[in-house]
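Here is the structure we will look at, set down as structure tokens.
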Amino acid sequence: FIESPYRRVIESQVTEEIVYLSATEESRYTIAQTSAKLDKDYRFTDEFVSCRKSGEFTMAPPSDIDFIDVSPKQMVSVAASLIPFLENDDANRALMGSNMQRQAVPLLITESPLVGTGMESVVASDSGVSTIARRDGIVDQVDSMRIVVRVTDTSSETGSVVDIYNLQKFQRSNQSTSINQRPLVRSGDLVKSGDVLADGPSVNHGELALGRNALVAFMSWNGYNFEDSIILSERLVQEDAFTSIHIEEFEVMARDTKLGQEEISRDIPNVGDDALRHLDETGIVSIGAEVKPGDILVGKVTPKGETPSTPEEKLLRAIFGEKASDVKDTSLRVPPGVTGHVVEVRVFSRRGIEKDERALAIERAEVNRLAKDRDSERQILERGLAARLEELLLGHTIVNGPKGVKKGEKITAAVLAEFKKSQWQQFFVEDDAVMRDVEALKSQHESDVKELEKRFEDKVEKVRRGDELPTGVLKMVKVFVAVKRKIQPGDKMSGRHGNKGVVSFIAPVEDMPHLEDGTPVDVILNPLGVPSRMNVGQILETHLGWASAGLGRQISEMLD
318 FIESPYRRVI ESQVTEEIVY LSATEESRYT IAQTSAKLDK DYRFTDEFVS CRKSGEFTMA
378 PPSDIDFIDV SPKQMVSVAA SLIPFLENDD ANRALMGSNM QRQAVPLLIT ESPLVGTGME
438 SVVASDSGVS TIARRDGIVD QVDSMRIVVR VTDTSSETGS VVDIYNLQKF QRSNQSTSIN
498 QRPLVRSGDL VKSGDVLADG PSVNHGELAL GRNALVAFMS WNGYNFEDSI ILSERLVQED
558 AFTSIHIEEF EVMARDTKLG QEEISRDIPN VGDDALRHLD ETGIVSIGAE VKPGDILVGK
618 VTPKGETPST PEEKLLRAIF GEKASDVKDT SLRVPPGVTG HVVEVRVFSR RGIEKDERAL
678 AIERAEVNRL AKDRDSERQI LERGLAARLE ELLLGHTIVN GPKGVKKGEK ITAAVLAEFK
738 KSQWQQFFVE DDAVMRDVEA LKSQHESDVK ELEKRFEDKV EKVRRGDELP TGVLKMVKVF
798 VAVKRKIQPG DKMSGRHGNK GVVSFIAPVE DMPHLEDGTP VDVILNPLGV PSRMNVGQIL
858 ETHLGWASAG LGRQISEMLD
């Protein structure tokens, strides 16, 4: 069962002892709230304290209290704890607000809320969408695809001295939204275990960022915000404020049919060169191609049986004296309503069947990525070995070493600089204890390199192995198309207080109501949506948000 932490209360005094209780155990005790007043000795000052017992809220004398809450947030769920001014909202609307936060579509441009509760960073780091540092270390390399960290804390985990974090780029989620991670660190940065290295979808600088900070007016406007409808400014559309990326997945299979094998090919009957412009020589669309409805993504031909000849086929036979092509076009095409860019192609081939050029190219790219990871790890291992050898050898007298070394000379940084780092292992010194350490270091390094190579070979073998496909399927191709969607009338929008509505109209900026200084508002909401719903938290959030935006502007002007 889920357990909650409580601090034990002994004879009206709150102790530091933490006890975890389940919901059934909790009902047997009298539990005070964190709002209870305490003196400097952590004793209750009030004659009666607000508490709960057997699921009922009541007042009890301090002597009857068994436990006290650790935090006022533990009363509510994770989603509810993200709602600012939660105590000013009706429970029904708070429930709607909690549920609708889960339905938020990740935006193209994320922005942290001006008015938050402090739980945003906790939720973002625990959600699993951000990349979190596993161990302490120094960032060695960063690019858009991966982060390489040289580990400084080797006590927590045996083995590798390198952590490589491969970032997800425009991957499809189960809801067809885009999963895209962006690095936050730079090369040379010190990172601690648990630090956020890369933002995920709906995360901005390690904080949950589900929406945008927009200037809101509560007023009626020509009847367009009747029944909770929402009016937006055209500026939000032009600046991609509420634009999102969705990734559509399309799949085609080449099967072994009774009439013969289907074939994925560029050679399609009765299709002009213009329709084939996005396809490579294997008949599969190229990554980066911009596609629109009706475009061919994967060319496929299927054998057709003996059917009555069409007039065109009779004409062809009359002219060329041969039978027209006995295959028909069954290509995968872009369905209506989808316009976007191809971001990924995956080709799956049955084990034992020769792979085509495109499948081999994808395989080579994956092997190169694995080799790059191996080389980065090996470089860091070599650098670590060199640094440790330098530490051990400096100041000792040379007995023997690589070609060109002077025997009897003291080892200094200048002496080591004359030789390649790979030759430092060949130095022998008088001190036996140092030589034992050097030998142990060399053997440890060799075993680390062997382990690294073995891991690399296992991964490559896994990549090169064929795929398990359903019976009768020879080849399967999946194409992922990224579609950019701007907000439009008919879309549902919501705040964090259960204040939901449908966009009814997108008005030009010049038609929007404006503040005294001429600033046009971004969103117009119906003021009648507040009193009967009793979610006054949205009004308080609007006031605090306006104040914080204004203060932030003043501070930035002072800094400028």
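Position in the sequence shown counted from 1, then plus 317, gives you the numbering used here. Using N, Cα and C, we set each Cβ at its ideal position, and we do this for glycine too. Note that this is a predicted model, so its numbers are computed, not measured.
query = Taking just the CA atoms, how far does Q418 sit from P379?
reply = Answer to the nearest angstrom: the Cα atoms are 39 Å apart.
message = For E699, tell me which candidate among K759, G616, V716 has the shortest Cα-Cα distance.
response = Residue nearest to E699 within the set K759, G616, V716 is K759 (criterion: CA-CA distance).
query = Are P430 and N530 close, meaning C-beta to C-beta below 8 Å?
reply = Yes. Within cutoff.
request  = With a threshold of 16 other CB atoms inside 10 Å of the CB of R452, please say whether the residue is buried or exposed.
outcome  = Per the 10 Å Cβ criterion, buried.
Those residues which DSSP pairs with L338 across a bridge = L338 is bridged to S321.
Per-residue DSSP class, three states only, for R451 = Coil at R451, not helix or strand.
query = Can you tell which of F318, S352, D358, V800 has its C-alpha closest to the C-alpha of V331?
reply = The shortest C-alpha to C-alpha distance from V331 to any of F318, S352, D358, V800 is the one to D358.
message = Considering only heavy atoms of the ligand PLP, does any lie closer than 7 Å to the CB of S380?
response = Although the ligand PLP was asked about, the structure shown includes no ligands whatsoever.
query = How would you call V819, buried or exposed, if buried means at least 16 neighbouring beta carbons within 10 angstroms?
reply = Exposed: under 16 other Cβ atoms inside 10 Å.
message = Given this structure, state the Cα-to-Cα distance separating E708 from E768, to the nearest angstrom.
response = In this structure, the straight-line span from the alpha carbon of E708 to that of E768 is close to 25 Å.
key: Cβ-based burial, G523 [other Cβ within 10 Å; buried from 16]   = When all chains shown are included, G523 counts as buried.
As assigned by DSSP and simplified to three states, the class of Q871 = Looking at Q871 - three-state DSSP - the assignment turns out to be helix.
Nearest-angstrom beta carbon gap, V615 and G605 [assumed within contact, 8 Å] = Incorrect: roughly 16 Å between the Cβ atoms, too far for contact.
message = Using DSSP's beta-bridge definition, name the partner residues of H814.
response = Within the DSSP secondary-structure output, H814 pairs in no beta bridge.
query = Between F487, E756, L687, F637, which lies nearest to H658 when the distance is taken from Cα to Cα?
reply = Selected option, being the one with the closest Cα: F487.
ask   = Per the contact definition of three or more C-beta pairs closer than 8 Å, is the segment 662-672 in contact with the segment 772-790?
value = Contact between the segment 772-790 and the segment 662-672 is present, because at least three Cβ pairs lie under 8 Å.
ask   = S394 and G372: beta carbons closer than 8 Å?
value = Contact: no.
ask   = What separation, rounded to the nearest whole angstrom, lies between the Cα atoms of R410 and V569?
value = If you draw a straight line from the Cα of R410 to the Cα of V569, it is about 45 Å long.
ask   = Looking at the structure shown, is Q498 part of a helix, part of a strand, or coil, going by DSSP?
value = Looking at Q498 - three-state DSSP - the assignment turns out to be coil, as it is neither helix nor strand.
inquiry  = Distance check for N521 and M436, CA to CA, integer angstroms please.
reply    = Whole-angstrom Cα-Cα distance: 14 Å.
request  = Note down the Cα distance separating T899 from L399, rounded to an integer number of angstroms.
outcome  = With the chain represented from 318 up to 877, any question about residue 899 goes unanswered, as that position is not in the structure.
request  = Look at S537 and S821 and say whether their C-beta atoms are less than 8 Å apart.
outcome  = No; because the gap between Cβ atoms is not below 8 Å, this pair is not in contact.
ask   = Based on Cα-Cα distance, which residue from N539, D506, A396, R695 lies nearest to D828?
value = Minimum Cα distance to D828 is reached at N539.
ask   = Exposed or buried, what is K617 when buried is set at 16 or more other beta-carbons lying within 10 Å of its beta-carbon?
value = Note on K617: 16 or more other CB atoms within 10 angstroms of its CB, so buried under the neighbour-count rule.
message = Since S519 and A421 should fall inside the 8 Å C-beta cutoff, what is the C-beta to C-beta distance between them, to a whole number of angstroms?
response = Contact check for S519 and A421: beta-carbon distance about 7 Å, within the 8 Å limit, so the pair qualifies.
task = May I ask you to list the residues that DSSP assigns as paired with T375?
result = T375 pairs with C368.
Member of S603, E726, E328 whose CA lies at the smallest distance from the CA of A676 = Out of S603, E726, E328, S603 has the C-alpha closest to the C-alpha of A676.
Closest residue to E556 among R753, P653, I426 (Cα-Cα distance) = In terms of Cα proximity to E556, the closest of R753, P653, I426 is I426.
request  = Mind reading off the beta-carbon distance from R650 to D612? Whole number of angstroms is fine, and I expect it under 8 Å.
outcome  = The beta-carbon separation of R650 and D612, rounded to 7 Å, stays under the 8 Å limit for a contact.
task = Could you tell me which residues DSSP pairs with V889 in its beta bridges?
result = Because the chain is modelled from 318 through 877, residue 889 falls outside the range shown and cannot be assessed.
query = Is it a yes or a no for the segment 742-758 touching the segment 710-718, going by three-plus beta-carbon pairs under 8 Å?
reply = Touching, per the Cβ criterion.
request  = Check whether the Cβ atoms of A526 and E428 sit closer than 8 Å, and answer yes or no.
outcome  = The answer is yes: Cβ separation under 8 Å.
ask   = What is the residue span of the alpha helix (DSSP H) that R686 lies within?
value = Secondary structure note for R686: its alpha helix (DSSP H) is the uninterrupted segment 674-710.
task = State yes or no: is the C-beta of K803 within less than 8 Å of the C-beta of V440?
result = 8 Å or more divides the Cβ of K803 from the Cβ of V440.
ask   = For V796, which option in H595, P806, L710 has the closest C-alpha, if you only look at C-alpha atoms?
value = If we check each option's Cα against that of V796, H595 comes out closest.
query = Which term fits I382, buried or exposed, when burial requires 16 or more other beta carbons within 10 angstroms of its beta carbon?
reply = When all chains shown are included, I382 counts as buried.
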